[in-house]
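Enquirer: Numbering (my numbering), first residue to last: 4 to 248.
Virtual Cβ for every residue (Gly too), placed ideally from N, Cα, C.
(1) Between the C-alpha atoms of residue 44 and residue 199, what's the straight-line distance to the nearest angstrom?
(2) Just how far apart, CA to CA, sit residue 118 and residue 171?
(3) Compare the beta carbon distance of residue 61 and residue 42 with 8 Å and say whether it is the shorter of the two.
(4) Do you know whose CA, among 6, 67, 104, 30, lies nearest residue 53's CA?
(5) Identify whether residue 68 lies in helix, strand or coil by the three-state DSSP scheme.
(6) What three-state label does DSSP hand residue 218 in the structure shown?
(7) Return yes when the Cβ of residue 114 is within less than 8 Å of the Cβ of residue 103, no when it is not.
(8) Does the distance from the C-beta atom of residue 167 to that of residue 58 stay below 8 Å?
(9) Buried or exposed: residue 4, going by 16 or more other Cβ atoms within 10 Å of its Cβ?
(10) So, are the CB atoms of residue 40 and residue 16 less than 8 Å apart?
(11) Give every residue of the same chain whose Cβ lies closer than 6 Å to the Cβ of residue 49, excluding the five residues on either side of it in the sequence, and list them in chain order.
(12) Taking residue 44 as part of the beta strand (DSSP E), name the residues at either end of that continuous run.
(13) Should residue 7 and residue 177 be called a contact, given that it needs their Cβ atoms to be closer than 8 Å?
(14) Where do the N-terminal and C-terminal ends of the beta strand (DSSP E) with residue 14 fall, by residue?
(15) If I measure Cβ to Cβ from residue 173 and keep anything under 7 Å in the same chain, skipping five residues before and after, which residues do I get?
(16) With distance defined between alpha-carbon atoms, name the residue in 26, 19, 99 nearest to residue 136.
(17) State the DSSP-derived secondary structure class of residue 96, mapped to helix, strand or coil.
(18) Please classify residue 224 as buried or exposed, where buried requires at least 16 neighbouring CB atoms within 10 angstroms.
(19) Would you identify the three-state DSSP class for residue 4, choosing helix, strand or coil?
(20) Please name the residue in 161, 20, 147, 101 whose C-alpha comes closest to that of residue 75.
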């Protein structure tokens, strides 16, 4: 039985929707058992968002964390296409803002204001998540946010982490939170489990769906019944969060 979880974070950030999905899963996990975050080299922006609600946050002195901020980029390459490729794209849409994310035309002042409003709304949500997770006011979080990056040492002083330490310290902390009766009598399971060389050949990209991979096709020819039966319980059941850096 899993008594506690150590959530190892080594991420400089990423896409906001994916980060929020992970944060939500951690929130649900905490209802059943303590979760301790252990920071590696980075736990910034989205990397901090996903772990702000953990029961304890432990970071090294040299960890780069914080970076509580949001930014977005809208490409505008229409002018370059016209100038360098001598192609003049023509857009047709249902309204004046239908093509505002196409990159063919610069944003109007109204469109830019709309995007800015969305960014600020996401930032406010980010600040709120941190404030709730760290038992701080939104004003206090905002004063140390605005995209600022902090070392693990400074993060402890301003309340973004709970203590300085290593992964082993985080494991020890999780064991203590799990209950006094546990003591030192526990085992550690690491996930995801290490793949064998054969498994890596089957799934070189780590995307999980192996039906089109060369080695699997060869095995299907050699042992068709065996492989089909082995895949059946898992067919169509796949959940991945991609592109989290």
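Expert: Concretely, from the data shown:
(1) Position 41 of the chain shown, counting from 1, holds the residue named residue 44. Position 196 of the chain shown, counting from 1, holds the residue named residue 199. A straight-line Cα-Cα distance of about 27 Å links residue 44 and residue 199.
(2) Within the chain shown, residue 118 is the residue found at index 115, counting from 1. Within the chain shown, residue 171 is the residue found at index 168, counting from 1. About 43 Å.
(3) In the chain shown, counting from the first residue as 1, residue 61 sits at position 58. In the chain shown, counting from the first residue as 1, residue 42 sits at position 39. In this structure, residue 61 places its C-beta atom within 8 Å of the C-beta atom of residue 42.
(4) The sequence position of residue 53 within the chain shown is 50, counting from 1. Nearest to residue 53 by C-alpha distance, out of 6, 67, 104, 30, is 30.
(5) Mapped onto the chain shown, residue 68 falls at position 65. Three-state result, residue 68: strand.
(6) By 1-based counting over the chain shown, the position of residue 218 is 215. The pLDDT assigned to residue 218 is 49, lower than 50, so where the model puts this residue is not dependable, and the model offers no usable value.
(7) On the chain shown, residue 103 is found 100 positions in, with the first residue counted as 1. On the chain shown, residue 114 is found 111 positions in, with the first residue counted as 1. In terms of Cβ geometry, residue 103 and residue 114 form a close pair [threshold 8 Å].
(8) Sequence index remark: in the chain shown, residue 167 carries index 164 (1-based). Sequence index remark: in the chain shown, residue 58 carries index 55 (1-based). Cβ atoms of residue 167 and residue 58: not closer than 8 Å.
(9) Here residue 4 corresponds to residue number 1 of the chain shown, with the count starting at 1. Exposed, since its Cβ has fewer than 16 Cβ neighbours within 10 Å.
(10) Position 37 of the chain shown holds residue 40. Position 13 of the chain shown holds residue 16. If you check the CB distance, residue 40 and residue 16 do not come in under 8 Å.
(11) Position 46 of the chain shown, counted from the start, is the residue given in the question as residue 49. The beta carbon of residue 49 is closer than 6 Å to those of 16, 17, 22 in its chain, skipping five residues each way along the sequence.
(12) Translated into positions along the chain shown, residue 44 becomes position 41. From DSSP, the beta strand (DSSP E) with residue 44 extends over 38-47.
(13) Locating residue 7 in the chain shown gives position 4, where the first residue counts as 1. Locating residue 177 in the chain shown gives position 174, where the first residue counts as 1. Their beta carbons are under 8 Å apart, which means residue 7 touches residue 177 by this criterion.
(14) What you label residue 14 is simply residue 11 of the chain shown in a count that begins at 1. Taken as a continuous stretch (DSSP letters only), the beta strand (DSSP E) holding residue 14 covers 8-14.
(15) Locating residue 173 in the chain shown gives position 170, where the first residue counts as 1. So the list reads 9, 39, 41, 61, once near-sequence residues are dropped.
(16) Your numbering for residue 136 matches position 133 in the chain shown. Looking only at 26, 19, 99, the smallest Cα-Cα distance to residue 136 is reached by 26.
(17) Position 93 of the chain shown, counted from the start, is the residue given in the question as residue 96. Three-state result, residue 96: coil.
(18) In the chain shown, residue 224 corresponds to position 221, counting from 1. Unreliable positioning characterises residue 224 in this predicted model, as indicated by a pLDDT of 45, which lies under 50. The coordinate reading is nonetheless provided below. Looking at its Cβ environment, which holds fewer than 16 other Cβ atoms inside 10 Å, residue 224 is exposed.
(19) For the purposes of this step, residue 4 is taken as residue 1 along the chain shown, with counting starting at 1. Coil at residue 4, not helix or strand.
(20) As a position in the chain shown, residue 75 is number 72, starting the count at 1. Relative to residue 75, the option among 161, 20, 147, 101 whose CA is nearest is 20.
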